[in-house]
Amino acid sequence: MFSRKKQPPIKSLIAHGTRIEGNVLFEEGIRIDGDVVGDIRASTEQPSILVISETARVEGAVHADHVIVNGSVVGPVHAAELLELQPKARITGNVNYRALEMHQGATIAGQLQPAAVLIEEKPPLKLASNNQ
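Position one of the sequence shown corresponds to residue 168 (my numbering), numbered consecutively onward.
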């Protein structure tokens, strides 16, 4: 999805030193440098990107198409397309993804659950029979 298309713009920022208590719903892109206690969820209307920086801490579920983590997440992470775990990423919770990029130093305390890739089923081959 993101390899051929331009990534959505990051239009929102939760700055370092800011603490949000409650769920966050965003469109397109958001960068978290502060603390969020609550779920972070992207709108499903369009492609999305979520960046959790080195200074960020999230306590809650994370849902977006493209998720980049270099901070701390306590809760499940759901990346519909790509999950990038940078060297200082710390995740405590299960991780769901379609594609995963994990740098040396990143840690996950939970289960890795790749999305099921749909394989197109083809009808069985019909062999010519000897009709005599």
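Glycine included, C-beta positions come from ideal geometry on N, C-alpha and C.
What you are looking at is a predicted structure, and each value in this text was computed from that prediction instead of being measured.
- Taking the Cα positions, P254 is about 28 Å away from S210.
- Considering only L267, V234 and Q278, the residue with the shortest C-alpha distance to P175 is V234.
- Cα atoms of R257 and I219: separation of roughly 11 Å, rounded to the nearest angstrom.
- Taking 8 Å as the cut-off, the beta carbon of I207 is found closer than this to the beta carbon of V225.
- DSSP places T185 in the coil class of the three-state scheme, outside both helix and strand.
- With respect to the C-alpha of A182, the residue from E195, V203 and A282 having the closest C-alpha is V203.
- The C-beta distance from L252 to M269 rounds to 4 Å, short enough to meet the 8 Å contact threshold.
- By the Cβ-count criterion, G272 is exposed, with fewer than 16 other Cβ atoms from all chains shown falling within 10 Å of its own Cβ.
- When V229, D200 and K178 are compared, the shortest CA-CA separation from N263 is found for V229.
- Taking a contact as a CB-CB distance under 8 Å, the pair V241 and T259 counts as one, their CB atoms being some 5 Å apart.
- Closest in C-alpha terms to T185, from the list R198, A276 and Q280, comes R198.
- Cα atoms of T274 and G227: separation of roughly 17 Å, rounded to the nearest angstrom.
- G189 counts as exposed, since fewer than 16 other beta carbons sit within 10 angstroms of its beta carbon.
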